[in-house]
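Here the sequence shown stands for residues 9 to 131, where the numbers follow our numbering.
The beta carbon of each residue, even a glycine, is placed where N, CA and C say it ideally should be.
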Amino acid sequence: MTRRGVSSSFWVMTATKRDGSFSEDLKFASQSSATMVILMGVRKLAEISAEVSKYRGSSTPMAVIQNGTMQNESCIVGNLGSIGSGAFDIDISKPGIIIIGDVVTEHPSFFEEEVQRVLHSSF
């Protein structure tokens with residue numbers, strides 16, 4: 009969540025309030041440089057990405073982790089702008105954790121997957 013020289017803080021929040029609207033914390037965290045950890049937001053991934061992109065830009069790194077610490081763990085990395093391209097092929101029926109911020113680039117597969125996205129988008 010943090011790494012010296014990359015991010016010194018993080019916000020943990022739920023994606024939506026009881027009425028289905030976004031929490032004000034989502035907006036405030038988006039305006040900061042802190043890593044964002046969003047719980048219970050997989051079904052609203054595209055909307056969350058669009059909202060955060062207003063403040064951070066579409067190239068901001070993000071990850072979605074499902075079944076964390078289990079044998080069938082899934083960690084998909086990309087950026088806010090890759091949501092609509094189908095790069096985030098996730099099962100929305102399963103819960104997950106959304107992580108947004110520069111620390112996502114520390115994941116070993118981030119640059120490998122980013123290169124593949126660039127190569128495939130140019131065809």
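Delimiting residues of the beta strand (DSSP E) encompassing residue i
{"i": "S57", "result": "Careful: S57 lies outside any beta strand (DSSP E), inside the alpha helix (DSSP H) at L53 to R64."}
{"i": "S82", "result": "S82 to N87"}
{"i": "M78", "result": "Note, M78: premise wrong, no beta strand (DSSP E); not H, not E."}
{"i": "T22", "result": "F18 to T22"}
Of the listed residues the options, nearest to residue i (C-alpha basis)
{"i": "D99", "options": "V50, K35, S40 and A71", "result": "V50"}
{"i": "C83", "options": "Q74, F36 and E55", "result": "Q74"}
{"i": "V111", "options": "G86, S90 and K52", "result": "G86"}
{"i": "S29", "options": "H115, I56, K102 and T113", "result": "I56"}
{"i": "K52", "options": "R64, G109 and L34", "result": "L34"}
{"i": "T22", "options": "K62, P103 and D97", "result": "P103"}
{"i": "A54", "options": "V20, D97, E114 and R26", "result": "D97"}
Residue i: first and last residue of the uninterrupted alpha helix (DSSP H) it sits in
{"i": "L47", "result": "Here L47 belongs to no alpha helix (DSSP H); instead the beta strand (DSSP E) covers T43 to L47."}
{"i": "F36", "result": "E32 to S38"}
Inter-residue CB distance, residue i and residue j (contact presumed, cutoff 8 Å)
{"i": "M70", "j": "I105", "result": "Actually they are not in contact, since the Cβ atoms of M70 and I105 sit about 11 Å apart, beyond 8 Å."}
Contact check, residue i vs residue j, beta carbons under 9 Å
{"i": "S117", "j": "L88", "result": "no"}
{"i": "S38", "j": "V60", "result": "yes"}
{"i": "S41", "j": "S15", "result": "yes"}
{"i": "F18", "j": "G109", "result": "yes"}
Query raised in the report: Is the region 77 to 90 touching the region 42 to 49, taking contact as three or more C-beta pairs under 8 Å?
Result: no
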